[in-house]
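Under this note's numbering, the residues of the sequence shown are numbered 1171 to 1299, in order. Accompanying notes for the structure given below.
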Amino acid sequence: MAKSKTVLIVDDEAHIVRSLGFVVRRAGYEVIEARGGEEALDVIQEQRPDLVFLDIMMPGLSGYEVCRRVKESAELNSTYIILLTAKGQQEDREKGVEVGADEYMTKPFSPSRAVERVQATLGQARRHE
């Protein structure tokens, strides 16, 4: 049986990790979590998630820095990264593009829209009956 697709959710706000994790799991994907930039880098290197929801403003390494490092790594640069931020200004989007982000979502966002982005990127999850 094919391995289920894995989504990493990185945010220092527990309620965002919980709510986003809930809807992504319910859609049939495996979910892993990280609370900060350094932890996110470790998880990405060790577990190789298929898609990452990455908050920009976190203590320690910012989401921009995590994204830049992942996209500069030959082994990791195919990791699909969606930046999450409360900042929706054009210069923030431009910086996201500059560091290699694949998409950009502004908080607050609809959990169902987030799942739609996962499905569009990774395909429909295989349901475990």
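All residues carry an ideal CB built from backbone N, CA and C; glycine is no exception. Given the structure is predicted, the values throughout are model-derived calculations rather than measurements.
Checklist entry - From Thr1137 to Leu1254, what distance separates their C-alpha atoms? => result For residue 1137 there is no data in the structure shown, the boundaries of the chain being 1171 and 1299.
Checklist entry - Tell me which same chain residues have a C-beta within less than 6 Å of the C-beta of Gln1259, skipping the five on either side of it? => result Residue 1259 sits at position 89 when you count from the first residue of the sequence shown. Counting only Cβ-Cβ distances below 6 Å, and skipping sequence neighbours, we find nothing.
Checklist entry - Which residues share a DSSP beta bridge with Asp1212? => result On the sequence shown, residue 1212 is found 42 positions in, with the first residue counted as 1. None, per the DSSP bridge assignment.
Checklist entry - What is the residue span of the beta strand (DSSP E) that Thr1255 lies within? => result For the purposes of this step, residue 1255 is taken as residue 85 along the sequence shown, with counting starting at 1. Note, Thr1255: beta strand (DSSP E), 1250 to 1255.
Checklist entry - Would a C-beta distance cut-off of 7 Å place Val1269 and Leu1224 closer than the cut-off? => result Translated into the one-based positions of the sequence shown, residue 1269 becomes position 99. Translated into the one-based positions of the sequence shown, residue 1224 becomes position 54. Taking 7 Å as the Cβ cut-off, Val1269 and Leu1224 do not qualify as a contacting pair.
Item to check | Boundaries of the beta strand (DSSP E) in which Asp1225 is found, first to last residue | outcome: Working through the sequence shown from its first residue, we reach residue 1225 at position 55. 1221 to 1225 is the extent of the beta strand (DSSP E) around Asp1225.
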